[in-house]
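What follows is a single structure, written as structure tokens, with notes after it.
Residue numbers (the working numbering): 11 to 941.
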């Protein structure tokens, strides 16, 4: 039978591992070998513990296996450590007698004779408790104060930094591993570092390295990795600035910049860092990162960037917060002032952020964070107020779309910006989706996004959905109500709408409102109004769908009541839309009868509401008549002559059908709409016939007679009868002056005085009609290439301004700018800048392009050719109407001519600059006399 072979090392036999050679022949010898190695390893680990605390003790050098197991040199003392381990039992006098004798004789003599410096101290370190006899000796009065014992449960050692001896080898290893965790900036795992140091100690015990470890060598020995790991993110090659591109540093030492993910905080900071006068250190807080880890990371980044050799080599040691403070102290010692950008600060607890702020008392700290519930607590503790980046402008939005091959018109670009809340990431994704899935039609994307019919999820939805998931049901309901309102509400107004959906408990609603604010979903204004963040509105609108129909209708009617009577542009616009949504068509149409209705921005949805009414056969005839009249105005402004003719024909049919309320007003409205139709077609015969017939049926003098005469003059202008139109316009102006009791001096008086006369007049709308007459005169002068229309432009502008006719006031201000462009281009520029603000405030986006095109030319006349060209370049990224494109092209030509003449003027002398020899202003093709 074959003899059984011994199993190979690492194999198993019957489930039991078998070692090569089987059991040792001499078990006692094996125990002695293990005990010897266990003792040496314990000693080496204790030496590692001393190394890890060497700098904390202020020691200079650790020696191994010289006169004692370990020797530690301090500035004023020298510790001799005898390490004794016992597998079991206690430590007895015989175990340490030789060591004590050597110390008391030879070692003391070395120090007393000056061959060794410092006071000598013998420390016996043991894992075993001293026996009764030894303990009695130690406590005896004649026991030397320079000989001490240290054991696991022994007395407090004078040198408290010494590692406490563990009871066994495994416990000593665990203690060293935990201590290694405190080593800052290490590149090794703590246990790996301990094992490496133990091997180096063992190697030194053989005589290598002079059997010494210097404290200054510990950073290299511990592989402390002091190198900047988080370089500041580079700004993208194409950087589009925020609406107001602030500097990185604020007025306060600590700055908190808050915004949703996608708000462009990091990109803004990276770009602003290039202009920062201070050196900058960047640190990003990763998910799950503790405050201690952030403190260590910050300390490493600061040390790597700002602490040079030799200071950088002598790295601090200890807990992370202490290390950070120590690094900061070294910065202050070298008078180094730095800025620190801490990204994603919301991932840290409030106390953690405060600890970092306190540890860096001279550092300019910029905290970038997403909105989070503890934000207000942090603001209160630090005495700061969070700032939100304003987002991208409409121009930047258009640029992002143009980069994707999509060119929105100005109103659509403004709409995109509102839907995205101006947040860069959301706008960029909207642009990409528009180009990829909507045929570059930005308006189609907006429609789909508002109606939530788009097929691809956007970052905006995914990010905000996470915020909404964390909300209570009451907070979600309030978000839905604010989304339905669209405009800022007072807390009382919000409470009234909340009651319509059963949320009647004010304290509960107040708590929910604070919850929304804590997640950055609302904006609170200085006057106490609150508004849902624009970016959150599309998502919150879906909550409204969960309200039952009756509740939603109650909310809309409550909002309608609350907004009635307010004349701020946003509330007025929302009120008009709510009138349509709640079926209050009578009130809506009565608005269109007001003189100033078409002077303001109006919601595009109203056209569809009025069109439904105009074409509804069962609707009231008078309502249908007025609906067609309003639709006529929009069609005429758009230059849609086919629609103009259709509305006039419908009005004529309805007027012929008759209505009890029809009278002089309706006859005049029909007549003046016919005037415009005939004027546009150039049919002078029909125009004059209609005018004669209408005058014959109209009492004179009366408001209807004055209206007919003005509209006839405007139709003559459209038909090319400029001089006749101008003469008649001035005749009607005189009639309005007589009616209003005004003298020419009144028109030139301060605006406040003229405004008072308008407000106190029985017919304030006639101030606007008088302005129309002067405005028509200006148009005639311009058509006849006469540049002396300044006086009429001034009068028109003042009258439009005091009567609240914003659109026409802007138009007449453009005339004034043309008058002043050579004589005082700086004043002309101020006028246009003021009108741009007015157009934005009153939501008249269709006027923006024309104003800015004209402004570009005025910029050139002030000498800013580069600014003029840049402005024209910005307008090129928009989709332009035919009139806007022609206007921009002509203004571009004028700018280049001005640039060329400017060069010539500099050569010929200053007297030849800005004279009437320059080119005439470009005609603004889109301008039409008021309807």
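Virtual Cβ for every residue (Gly too), placed ideally from N, Cα, C. Remember, predicted model here, so these are calculated numbers, not experimental data.
Item                                                                                                                 : Value
Expected contact under 8 Å - CB spacing of residue 492 and residue 542 to nearest Å                                  : 4 Å
Start-to-end residues for the alpha helix (DSSP H) that takes in residue 523                                         : 516–528
Backbone secondary structure at residue 224 - three-state DSSP                                                       : strand
Run of the beta strand (DSSP E) containing residue 131, from where it starts to where it stops                       : 129–136
Option nearest residue 398 by Cα separation, candidates 297, 576, 252, 384                                           : 252
Beta carbon of residue 221 nearer than 8 Å to that of residue 74                                                     : yes
Local conformation of residue 186 per DSSP, three classes                                                            : helix
In DSSP terms, what residue 140 is bridged to                                                                        : 101
Rounded separation between residue 301 and residue 267 - CA only                                                     : 20 Å
Those residues which DSSP pairs with residue 89 across a bridge                                                      : 82, 131
The segment 509–529 touching the segment 602–621, judged by at least three CB pairs closer than 8 Å                  : no
Residue 661 - partner residues in DSSP beta bridges                                                                  : Note: residue 661 sits in no beta bridge, so no partner.
The alpha helix (DSSP H) enclosing residue 172, as first and last residue numbers                                    : Premise fails: residue 172 is in no alpha helix (DSSP H) and is neither H nor E.
Closest residue to residue 317 among 330, 304, 331, 336 (Cα-Cα distance)                                             : 336
Residue 71 versus residue 247: straight-line alpha-carbon distance, rounded                                          : 53 Å
Nearest neighbour of residue 769, chosen from 810, 806, 50, 510 [CA to CA]                                           : 810
Complete runs of the beta strand (DSSP E) confined to the segment 796–859 [at least 3 residues]                      : none
Strand pairing of residue 398, partner residues [DSSP]                                                               : 268
For residue 373, three-class secondary structure by DSSP                                                             : coil
Proximity winner among 691, 657, 670, 671, relative to residue 680 (alpha-carbon distances)                          : 657
Residue from 524, 563, 305, 52 with nearest C-alpha to residue 183                                                   : 52
Between the CA atoms of residue 69 and residue 323 - distance to the nearest angstrom                                : Because residue 323 carries a pLDDT of 47, less than 50, the predicted location of this residue cannot be relied on, and the following value inherits that uncertainty. Each residue's Cα considered, the two are about 16 Å apart.
Residue 690 beta carbon less than 8 Å from that of residue 651                                                       : yes
Minimum C-alpha distance to residue 382 - residue among 181, 277, 161, 526                                           : 526
Nearest candidate by alpha-carbon position, reference residue 594, set 884, 340, 619, 455                            : 619
Other residues of its chain near residue 312: CB distance less than 6 Å, five sequence neighbours each side excluded : 291, 337
CB contact check: residue 479 to chain B, cutoff 8 Å                                                                 : The structure shown contains no chain B; it is built from a single protein chain.
C-alpha gap between residue 421 and residue 856, whole angstroms                                                     : 7 Å
Simplified DSSP state of residue 451, which is helix, strand or coil                                                 : coil
Limits of the beta strand (DSSP E) - the one that residue 583 falls within                                           : Per DSSP, residue 583 belongs to no beta strand (DSSP E); it is in the alpha helix (DSSP H), 579–591.
For residue 888, the first and last residue of its enclosing beta strand (DSSP E)                                    : Taken as a continuous stretch (DSSP letters only), residue 888 belongs to no beta strand (DSSP E), as it is neither H nor E.
Three-state secondary structure (DSSP) of residue 468                                                                : coil
Beta-carbon proximity list for residue 498, same chain, < 7 Å, skipping 5 on both sides                              : 535, 539, 540, 541
Inter-residue CB distance, residue 473 and residue 272 (contact presumed, cutoff 8 Å)                                : 6 Å
Cβ pair count under 8 Å reaching 3, the segment 140–156 against the segment 119–128                                  : no
CB contact flag (residue 784, residue 743, <8 Å)                                                                     : yes
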